[in-house]
Structure formats: C-alpha cells, structure tokens
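Encoded as structure tokens, the structure appears first; notes follow it.
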Amino acid sequence: MPESAPPASQSTTPAPAGPEVRERIRRGIEDVLPRVLGVDLADVPANACFFDDYGLTSSGIVELVLDIEETLAIQVDVEHLSIDDLRTVDSLTDYVAGHHADED
Numbered sequence: 381m382p383e384s385a386p387p388a389s390q391s392t393t394p395a396p397a398g399p400e401v402r403e404r405i406r407r408g409i410e411d412v413l414p415r416v417l418g419v420d421l422a423d424v425p426a427n428a429c430f431f432d433d434y435g436l437t438s439s440g441i442v443e444l445v446l447d448i449e450e451t452l453a454i455q456v457d458v459e460h461l462s463i464d465d466l467r468t469v470d471s472l473t474d475y476v477a478g479h480h481a482d483e484d
C-alpha cells in the first residue's frame, strides 16, 4: 500500500528561527529598504508599514524581497506570502525568518 502524505499537523513547516537569524534578516531589511525607496532613512521602526509609511507598491515589495534575497544570500519561499506578511517591517522579518533557505 503506498504511503500517504503526512497529516497537515505534521507538515514540513520550518522551525522558528533563532534571535540571531531574525536580527540578521531585520538588518538586511533595514539595509535594503532605503535602496528600494531611493531615500536615506534615519530609522526603520519595526512597526513601520511598507504601504502607508513608505508608499511602497506591489512592485516595490517584489523588488524589496528580491533585494533581501540577494543581500542575505537566501531564497525566500514566496508561495505562502500573504498581504499580512508584507504589512510591516516586523511581519516581513517574521515571515522571512520562518520561510527561507540559505543559498548554496
């Protein structure tokens, strides 16, 4: 009898990233965001909203994620990325920390 897929409760959801990984991703976002926006930023608050505070469009968000991947040499799983994951710096940090793989 063929094996069935594991139940959803046993899916291959990544384990939560440690604080050092999360901090590396947060710094990456802080480094990339000014380049994407084309302006200097004195501070990038964790609760800053990409759309409301920085005026990013959907194409700007795509550019941001691609630049984060390149800067940090990671691949981000964008298949499950939702609008809620893109609302704030903190929510994107959380998503990337839980849905990335280092490039080889």
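Going left to right, the sequence shown walks through residues 381 to 484 as the numbering used here numbers them. Ideal Cβ placement from N, Cα and C applies to all residues, glycine included.
*Ser-391, DSSP secondary structure in three states*: Unreliable placement is indicated for Ser-391, whose pLDDT of 37 sits below 50; the coordinate value is still reported in the next sentence. Ser-391: coil per DSSP, three-state reduction.
*Taking all protein chains shown into account, decide if Gly-418 is buried (16 or more other Cβ within 10 angstroms of its Cβ) or exposed.*
exposed
*Selection from Val-424, Ala-453, Val-412, Asn-427 that minimises the alpha carbon distance to Ile-441*: Val-412
*Taking the alpha carbon of Ile-405 as the point to measure from, which residue in Phe-430, Asp-433, Asp-447 has its own alpha carbon closest?*
Asp-447
*Are Val-424 and Val-456 closer than 8 Å when you measure CB to CB?*
no
*To which residues of the same chain is Arg-402 closer than 7 Å at the C-beta, ignoring the five residues directly before and after it?*
Thr-473, Ala-477
*Tell me Ile-454's beta-bridge partners as DSSP assigns them.*
Asp-482
*Gln-390 to His-479, Cα distance in whole Å?*
Model confidence at Gln-390 stands at a pLDDT of 40, short of 50, so the residue's coordinates are unreliable; what they give is reported in the following sentence. Rounded to the nearest angstrom, the two C-alpha atoms are 16 Å apart.
*For the alpha helix (DSSP H) that contains Gly-408, what are its first and last residues?*
399 to 417
*Can you check whether the CB of Ile-454 is closer than 8 Å to the CB of Glu-410?*
no
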